[in-house]
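Under this note's numbering, the first residue of the sequence shown is numbered 765, with each subsequent residue one higher.
The beta carbon of each residue, even a glycine, is placed where N, CA and C say it ideally should be.
Written out below as structure tokens is the structure these notes cover.
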Amino acid sequence: MPFITIEGQSLHYQIQGTGYPVLLGHSYLWDSSMWAPQIEALSASYQVIAPDLWGHGQSGPVPDNTRTLGDLAAQMSRLLDALGIERCAVVGLSVGGMWGAELALSEPQRVSTLVMMDTYLGAEPEATHARYFKMLDTIEALGTIPPPMLDAIVPLFFKPGVALDGSLATSFRRALAGFSATQLRESIVPLGRLIFGRPDAVSRLAGLDPARTLLMCGALDFTRTPAETIEMATAIGCRHVLIPEAGHISNLENPAVVTDSLLKWLGQQVGS
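Okay, here's the thing in structure tokens:
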């Protein structure tokens, strides 16, 4: 698997297929492997690039000067520079959608079309802001995610009533428990504070081209709700799609609908 050094740290990415480039941004606490169903389908027609966020997957720690979502977007722009990609589509879920929006706003000539999934560019609501920062403080102090916290975190990513002993949830829980103290303290915690401490940027989304922007959200996502998606779609003036029977990780809970929606959108926007 390829790596690139950005700001002194090693960023890992997957690259598969040929054709028009599509950059995929994964969720916080996951890695690029979460896109496996979409990579398989999209790479038949497109060149798919899927980086691991800092401290996730095989990527190194967060570079020291990373303070904002805009910094993450600039680092992904450096990856595109290294690959010689001048123009691409961006599909981001959760934090991937956050930095994807920042990239589209700062470099509209580079991002031909943007899909934001299960994400929100408003400020984190006060109640969850306090809860998440308390969790991050505990994780930093302990150097691990304790079992009671795993019990609270895992359900946030799936639709209500999901079988927590199912393969998807148990695999995710195992990955969370597998983070090293170094990963947690150098990357997971600082990225969490960056993500959940973000400023309200909904009004800035009016700078996106509504004809080239699509929002998608799991219809049962209670972490980044359909109401938040509709709020952003209204600010942009763009289409939004609710994915049935899916929570926050909608691309894995209903991969067929998500993949079909992406293929149709990309076909309309950039061809195939």
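| Check | Outcome |
| --- | --- |
| With a threshold of 6 Å on Cβ separation, who are the neighbours of residue 739 within its own chain once the five nearest residues in sequence on each side are excluded? | Beyond the ends of the chain as shown, which are 765 and 1036, falls residue 739; an answer cannot be given. |
| To which residues of the same chain is residue 941 closer than 7 Å at the C-beta, ignoring the five residues directly before and after it? | 909, 914 |
| With distances taken Cα to Cα, identify the nearest neighbour of residue 952 among 819, 783, 1028, 801. | 819 |
| If distances are taken between C-alpha atoms only, which option among 784, 1008, 974 comes closest to residue 844? | 784 |
| Determine the direct distance from the alpha carbon of residue 1001 to that of residue 967, and round the result to whole angstroms. | 12 Å |
| At the level of alpha carbons, what is the spacing between residue 871 and residue 809? | 24 Å |
| For residue 799 versus residue 1015, is the C-beta distance shorter than 9 Å? | yes |
| Considering Cα atoms alone, identify which of 887, 1011, 812, 774 is closest to residue 822. | 774 |
| Jot down the residue ranges of each uninterrupted alpha helix (DSSP H) in the region 802 to 874, minimum 4 residues, whole runs only, in chain order. | 833 to 846, 859 to 870 |
| Keeping to the same chain, check which residues put their C-beta closer than 7 Å to that of residue 994; ignore five residues upstream and five downstream. | 1004 |
| Roughly how many whole angstroms lie between the Cα atoms of residue 837 and residue 997? | 21 Å |
| Could you check how far apart the C-beta atoms of residue 1009 and residue 923 are, in whole angstroms? I think they sit under 8 Å. | 7 Å |
| Please list, in chain order, all residues of the same chain as residue 904 whose beta carbon is under 8 Å from its beta carbon, the five residues on each side excluded. | 948, 949, 953 |
| For residue 982 and residue 973, what's the separation of their Cα atoms in angstroms? | 23 Å |
| Where do the ends of the alpha helix (DSSP H) carrying residue 949 lie? | That residue, residue 949, is in no alpha helix (DSSP H); it is neither H nor E in DSSP. |
| Based on DSSP bridge pairs, tell me the residues matched to residue 782. | Answer by DSSP bridge pairing: none, since residue 782 is not bridged. |
| Here's a check: name, in chain order, each residue in its chain whose Cβ is nearer than 6 Å to the Cβ of residue 985, leaving out the five neighbours to either side. | 882, 1011, 1012 |
| Taking the alpha-carbon positions, what's the residue 971 to residue 869 distance? | 7 Å |
| Check for me: the beta strand (DSSP E) holding residue 980 runs from which residue to which? | 977 to 982 |
| Looking at the unbroken beta strand (DSSP E) that takes in residue 1003, where does it start and where does it end? | 1003 to 1007 |
| Opposite residue 776 in the DSSP bridges: which residues? | 767 |
| For the alpha helix (DSSP H) containing residue 737, list its first residue and its last residue. | As shown, the chain starts at 765 and ends at 1036. That puts residue 737 outside it, with no answer to give. |
| Pull up the distance between the alpha-carbon of residue 927 and that of residue 896, whole angstroms please. | 24 Å |
| Taking 8 Å as the limit between beta carbons, can you name the residues of its chain near residue 961, skipping five residues before and five after? | 888, 893, 897 |
| Since residue 897 is in the alpha helix (DSSP H), which residue starts that stretch and which ends it? | 890 to 906 |
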